[in-house]
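Working notes, structure below.
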Amino acid sequence: RKFNKEMKKFGLKRLFLHAWKLGIRHPSTGQDLLLEAPLPENLNKVVTRLREQT
1 RKFNKEMKKF
11 GLKRLFLHAW
21 KLGIRHPSTG
31 QDLLLEAPLP
41 ENLNKVVTRL
51 REQT
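Reading the sequence shown from the start, the letters are residues 1 to 54 in this note's numbering.
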């Protein structure tokens, strides 16, 4: 709960949860797939602000 309160101070209104890379096997073809997604801007802003505080 304390962590959630701290994150709300940064304007975060959801869990700070993100998978930047995910590997799965396609169920039909058996081909290995690698999916990548950059950190969303709202989470990136929180990281930046946290770094500024340390």
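Ideal Cβ placement from N, Cα and C applies to all residues, glycine included. Source: prediction; values computed, not measured.
Exercise. By Cβ distance, which residues of its chain are closer than 6 Å to Leu35, with the 5 residues on each side in sequence left out?
Worked result: The residue given as residue 35 occupies position 35 in the sequence shown. Once the five neighbours on either side are set aside, the close Cβ partners of Leu35 are Leu22.
Exercise. Going along the chain, which residues of its own chain have a beta-carbon closer than 8 Å to the beta-carbon of Met7, five neighbours each way excluded?
Worked result: Here residue 7 refers to the residue found at position 7 when the sequence shown is read from its first residue. Counting only Cβ-Cβ distances below 8 Å, and skipping sequence neighbours, we find Phe16 and Val46.
Exercise. Considering Leu80, what are the terminal residues of the beta strand (DSSP E) in which it resides?
Worked result: The requested residue 80 does not occur in the structure, where the chain is confined to residues 1 to 54.
For this session: Compute the minimum distance between the beta carbon of Met7 and the heavy atoms of the ligand NAD, and state whether it is under 7 Å.
Result: Among the ligands in the structure shown, none appear at all, so the ligand NAD cannot be discussed.
Exercise. Hey, how far is the Cα of Leu33 from the Cα of Lys13?
Worked result: Here residue 33 refers to the residue found at position 33 of the sequence shown. Here residue 13 refers to the residue found at position 13 of the sequence shown. Near 31 Å, if we compare the C-alpha coordinates of Lys13 and Leu33.
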